[in-house]
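Engineer: Supplied in structure tokens, the structure appears directly below.
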Amino acid sequence: EALGGGGGGGHGRVFHVLPARDDFSLDLKFKCGGRQHADGSFEAWDYGKTVFIGDGVHQREEFFALVIKTGILLEGGPGAAHEAEHLLKQGGRVVPVRVTGGAAAGLSG
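Numbering (this note's numbering), first residue to last: 1175 to 1283.
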């Protein structure tokens, strides 16, 4: 239901799905576009609709694997590669846009 219908603020169907907080990611210097606060919580994006799912990046990844049938992979690092692998294991499809580099080009395993 959180991702159903509409889109946010006149920006089409752009969704940013973040964990409500993730203390572990602070240790990894994962800043999710520089929008993670010192207390581990994340800031909503200023366009589209930001939806907070789970108590960490790993729970957010599990959520994606369960509800998304096809993912488009642009750039990305090891985290994006892990998320794509999780989706494939759940029977989903991943469309990598190789020209964007990173995980999409197979550079992260």
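The beta-carbon is built from N, C-alpha and C at its ideal position, and this holds for glycine as well.
Should ALA1212 go down as buried or exposed, given a rule of 16 or more other Cβ atoms within 10 Å for buried?
Structural biologist: One-based indexing of the sequence shown puts residue 1212 at position 38. By the 10 Å Cβ count, ALA1212 comes out exposed.
Engineer: Could you tell me whether the Cβ atoms of GLY1245 and ALA1277 are closer together than 8 Å?
Structural biologist: Along the sequence shown, read from residue 1 onward, the residue named residue 1245 stands at position 71. Along the sequence shown, read from residue 1 onward, the residue named residue 1277 stands at position 103. The answer is no: Cβ separation not under 8 Å.
Engineer: In angstroms with no decimal places, state the Cα-to-Cα distance between ALA1255 and LYS1223.
Structural biologist: The count along the sequence shown starts at 1 and reaches residue 1255 at position 81. The count along the sequence shown starts at 1 and reaches residue 1223 at position 49. When rounded, the distance between both Cα atoms is 24 Å.
Engineer: Between which two residues does the alpha helix (DSSP H) carrying LYS1189 extend?
Structural biologist: Residue numbering aside, residue 1189 sits at position 15 when the sequence shown is read from its first letter. According to the sequence displayed, residue 1189 carries Phe and not Lys. Counting along the chain, PHE1189 falls outside any alpha helix (DSSP H), though it belongs to the beta strand (DSSP E) covering 1189-1192.
Engineer: Give the straight-line distance between the Cα atoms of VAL1268 and ARG1209, rounded to the nearest whole angstrom.
Structural biologist: Sequence index remark: in the sequence shown, residue 1268 carries index 94 (1-based). Sequence index remark: in the sequence shown, residue 1209 carries index 35 (1-based). Approximately 26 Å between the Cα atoms of the pair.
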